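Step one of this worksheet: look at the structure below.
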Amino acid sequence: MTAIASGHGENATFKAVARSWIGSVRAANEDSVALAPGGQLLLLADGMGGHVGGALASQLAVAAAASAILELGLGADADDSDWLDMTLRAGFVAANVAVRERSTEDPALVHMGTTLVAMVRMGNQVGIGSIGDSRVYGVAPTGLHQLTRDHTLVQALIDEGMFRDVEEANLAGITSNVLMRAIGPDEQIEPEVFVAPLAGYARYLMCSDGLYGALNEKLIAAALAEDDDLERAADRLLTRVQAVGADDNVSFILVEPATVTE
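Just so we're aligned, residue 0 is where the sequence shown starts under numbering that gives the first Met the number 0, counting upward by one.
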């Protein structure tokens, strides 16, 4: 897991804490998470392509996306949603280029790829980008609201009306982890990016599929609702996951918008 810097402090724009667990059966952790200095940018990636390839893909994607986004600058017009959209998309393109270039250098890495979710704050807006099946949720008193869309075969078939839900698709033999979009496999990528008012949610949750694969959304929401302190809430959620076990790596970032002091 890529180290995550502290997002706390009076100049931070996100307060964020991250947790990552190798899971109950995996031999390596292929997830990466990162928080850029200043707290404006958060990233999470879930690699695929074998122990070495998956971990490397997620690390490369997070590093390249962060570098591209920060180079473009987050201090532009805070009300410019078009700039925020463009900046996020540039980060995803940079991540894809980095992973693909590295995969061509070593035949053992040819199949590596990764999911990627990113959150950027500019003023009172938040930009969210995603590709793959890692998710961003808005955490509300009523529960979790999934803000990103899974780019999986199962979700595509549900959207086409072939199945009512994931459970029905799984019963028909369609596994949940077949990705239709990701960083790495294709030269051209289609991340989904949107910009929304920051005040929409008091907290956000970014996570790999290992989290929601081990705990359903109601159990995740219940764990987060038991403590107002960000660190303790994250610890409680990780403890709940470890108690039930997980077949995959589990990583998440729990986020609160912070007030920026001049």
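Cβ atoms here follow ideal geometry from the backbone N, Cα and C, with glycine treated the same way.
On a predicted model such as this, the values are computed, not experimentally measured, just so you know.
C-alpha gap between A168 and F162, whole angstroms: One-based indexing of the sequence shown puts residue 168 at position 169. One-based indexing of the sequence shown puts residue 162 at position 163. Spanning the two alpha carbons is a distance of roughly 6 Å.
Touching by the beta-carbon criterion (3+ pairs, under 8 Å), the segment 60 to 67 and the segment 89 to 101: yes
K14, buried or exposed, once every other Cβ within 10 Å from all chains shown has been counted against 16: Counting from one through the sequence shown, the residue named residue 14 turns up at place 15. Answer is buried; the Cβ neighbour count reaches 16.
Three-state secondary structure (DSSP) of R120: The residue labelled residue 120 in the question sits at position 121 within the sequence shown. The answer is strand: DSSP assigns R120 an E or B state.
Sub-8 Å separation of T113 and M47 beta-carbons: By 1-based counting over the sequence shown, the position of residue 113 is 114. By 1-based counting over the sequence shown, the position of residue 47 is 48. In this structure, M47 lies closer than 8 Å to T113 by Cβ.
Euclidean distance between Cα positions of A181 and W82: Walking along the sequence shown from the start, residue 181 turns up at place 182. Walking along the sequence shown from the start, residue 82 turns up at place 83. Rounded to whole angstroms, A181 to W82 spans 23 Å at the Cα level.
Rounded Cβ spacing between V177 and G22 (contact assumed at less than 8 Å): Position 178 of the sequence shown, counting from 1, holds the residue named residue 177. Position 23 of the sequence shown, counting from 1, holds the residue named residue 22. V177 to G22, Cβ: 20 Å. No contact.
Among L40, G38 and A44, nearest to N28 - alpha-carbon criterion: As a first step, residue 28 is located in the sequence shown; it is residue number 29 there, counting from the start. Comparing Cα positions, the closest option is A44.
C-beta neighbour in chain C for V249, strict 8 Å: Absent here is chain C; the protein component of the structure consists of one chain.
Anticipated Cβ contact below 8 Å, V138 with M205, distance rounded: Locating residue 138 in the sequence shown gives position 139, counting from the first residue. Locating residue 205 in the sequence shown gives position 206, counting from the first residue. Wrong, their Cβ atoms sit about 11 Å apart, outside the cutoff.
Residue from W20, L41 and L59 with nearest C-alpha to P256: Taking the first residue of the sequence shown as position 1, residue 256 is located at position 257. Selected option, being the one with the closest Cα: L41.
Distance, L34 Cα to T260 Cα: For the purposes of this step, residue 260 is identified with residue 261 of the sequence shown, where counting begins at 1. For the purposes of this step, residue 34 is identified with residue 35 of the sequence shown, where counting begins at 1. Here T260 scores only 48 on pLDDT, less than 50, and its place in the model is too uncertain to base an answer on.
Own chain partners of A89 with C-beta closer than 8 Å, once the 5 adjacent residues on each side are dropped: On the sequence shown, residue 89 is found 90 positions in, with the first residue counted as 1. Taken in chain order, the residues that qualify are A67, I68 and L71.
Pairwise C-alpha distance: L156 and A201: Taking the first residue of the sequence shown as position 1, residue 201 is located at position 202. Taking the first residue of the sequence shown as position 1, residue 156 is located at position 157. Whole-angstrom Cα-Cα distance: 33 Å.
Selected residue, minimal CA-CA separation from Y211, among D228, Q145 and R231: Taking the first residue of the sequence shown as position 1, residue 211 is located at position 212. Answer by Cα proximity: Q145.
Which of helix, strand or coil DSSP assigns to T114: Translated into positions along the sequence shown, residue 114 becomes position 115. If DSSP states are grouped into helix, strand and coil, T114 belongs with coil.
R99 - partner residues in DSSP beta bridges: As a first step, residue 99 must be located in the sequence shown, where it is residue number 100. DSSP output for R99 lists no bridge partner at all.
Where the beta strand (DSSP E) containing I188 begins and where it ends: Within the sequence shown, residue 188 is the residue found at index 189, counting from 1. Counting along the chain, I188 falls outside any beta strand (DSSP E), and DSSP gives it neither H nor E.
Three-way DSSP call (helix, strand, coil) for I21 in this model: In the sequence shown, the residue the question calls residue 21 occupies position 22. Of the three classes helix, strand and coil, the one that applies to I21 here is coil, per DSSP.
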